[in-house]
């Protein structure tokens, strides 16, 4: 067992072999996706030109920097630029010389192209490499899901804490508001917004945040209703401790522990929501590396099964790992199993 398993909760999590290895595999996937620029990119990692080093993966250089005539961004697939660099130095390309939006104009087969030595999982119907789009798409989906889960959980925990601790009319009014809010037609609102604005990362995040913040409210509300009548809370009130200090210092830690068990499930739900919106054409534009766009292309190009199979394996693996991690966290924080 790893040296990291040094406290009770982490030790119990590591004893769950399925969750333990799921966390390791998920971490490896995240490392690969966050290093996507060094794995799949149409810019070289390092260029040595006339005894001077250039780093195109970090800095955008112009055509004139490598012997060209124009101050436009350098095209490292241009034969003229390649010959100039090779005659005056060398360049190191990533393992996959295509970014998520790079169209391979040198293909001799029609798109979508089948897997080959140049494109390990083939290309989509626009000639873009599927492996690179998956690498960048996983990173985009996970970052989107993490931000959405963090903000929505924060709002939901605060709302549930206020409901559960104060109770009475505050609880009744907020509960009726949440019931009305949850009954709003989310899909219709997204269609209206998509028709008025061009969906971007942040606009989609805000829209989904409007409907996802209620996920943890009910559970946190129940935890606060249960804990507000405990003896240590009553003693704190008698000693003159303020309500907000009691909420923050005495009850909230217990409620947060229960809420943490739902975080991996909320992350997977956010990934599915973003993928579904992109699949329906209500999500991100084509400028973004979208997993939902690959799902749509797999549906539209049944003659190219490598697209559908690739994105199915990626999404099913990603969501399964998150579910396994969530189950491990839930079991590690469950004190009833320890008592049994």
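In the working numbering, the protein residues as written are 109 to 448. Think of the CB as a built atom: it goes at the ideal place given N, C-alpha and C, for glycine as much as any other residue.
State the start and end residues of the unbroken alpha helix (DSSP H) segment that holds residue 272.
-> 238–274
Cβ contact (3+ pairs, closer than 8 Å) linking the segment 352–364 and the segment 219–236 | no
If residue 141 and residue 246 are in contact, beta carbons under 8 Å, what's the gap, nearest whole angstrom?
-> 4 Å
Which word fits residue 218, buried or exposed, when buried means at least 16 other C-beta atoms lie within 10 angstroms of its C-beta?
-> exposed
Taking 8 Å as the cut-off, decide whether the C-beta atoms of residue 267 and residue 325 are in contact.
-> yes
Could you spell out where the alpha helix (DSSP H) holding residue 128 opens and where it closes?
-> 125–142
Please go through the segment 345–428 and give each complete alpha helix (DSSP H) segment of 4 or more residues, from N-terminal end onward.
-> 351–354, 360–368, 371–388, 399–408
In the structure shown, what three-state DSSP assignment does residue 156 receive?
-> strand
Secondary structure at residue 199, three-state DSSP: helix, strand or coil?
-> strand
Nearest to residue 239 (by Cα), restricted to the options 223, 195, 396 | 223
Please classify residue 116: is it buried, with 16 or more other beta-carbons within 10 angstroms of its beta-carbon, or exposed?
-> exposed
How many angstroms separate the CA atom of residue 376 from the CA atom of residue 431?
-> 8 Å
Decide if residue 186 is buried, meaning its Cβ has at least 16 other Cβ atoms within 10 Å, or exposed.
-> exposed
Close beta carbons around residue 151, own chain, < 7 Å, minus the five adjacent residues each side | 164, 165, 184
Reduced DSSP secondary structure (H/G/I, E/B, other) of residue 167 = coil
What is the DSSP secondary structure of residue 211, reduced to helix, strand or coil?
-> strand
Three-pair Cβ contact test at 8 Å for the segment 267–277 versus the segment 170–182 = no
Proximity winner among 237, 310, 198, relative to residue 214 (alpha-carbon distances) | 237
Label residue 264 either buried or exposed according to how many other C-beta atoms from any shown protein chain fall within 10 Å of its C-beta, with 16 as the threshold for buried.
-> buried
Local Cβ density within 10 Å of residue 350, reported as buried at 16 or more and exposed below that = exposed
Report the three-state DSSP secondary structure of residue 219 (helix, strand or coil).
-> coil
Could you give the C-beta distance for residue 144 and residue 254, rounded to a whole number, given that I count them as a contact under 8 Å?
-> Rounded, the Cβ-Cβ distance is 16 Å, inconsistent with contact.
So which of 153, 188, 207 has the shortest CA-CA distance to residue 167?
-> 153
Out of curiosity, what's the CA-to-CA distance linking residue 193 and residue 388?
-> 44 Å
Looking at residue 260 and residue 321, is the spacing between their C-beta atoms short of 8 Å?
-> yes
Could you check where the alpha helix (DSSP H) with residue 316 kicks off and where it finishes?
-> 309–320
Within 10 angstroms of the Cβ of residue 121, are there 16 or more other Cβ atoms? Answer buried if so, exposed if not.
-> buried
Kindly indicate which three-state DSSP category residue 231 falls into: helix, strand or coil?
-> strand
Flag this pair as yes or no: are the beta carbons of residue 415 and residue 402 separated by less than 8 Å?
-> yes
In DSSP terms, what residue 179 is bridged to | Looking at the DSSP assignment, residue 179 forms no beta bridge with any residue, so it has no partner.
Within 10 angstroms of its Cβ, does residue 422 collect 16 or more other Cβ (buried), or is it exposed?
-> buried
Under 8 Å Cβ to Cβ from residue 436, same chain only, skipping five residues before and after it: list those, please.
-> 121, 124, 126, 127, 128, 130, 131
Could you tell me which residues DSSP pairs with residue 161 in its beta bridges?
-> 156
Comparing alpha-carbon positions, which option in 374, 404, 159, 149 lies nearest residue 201?
-> 149
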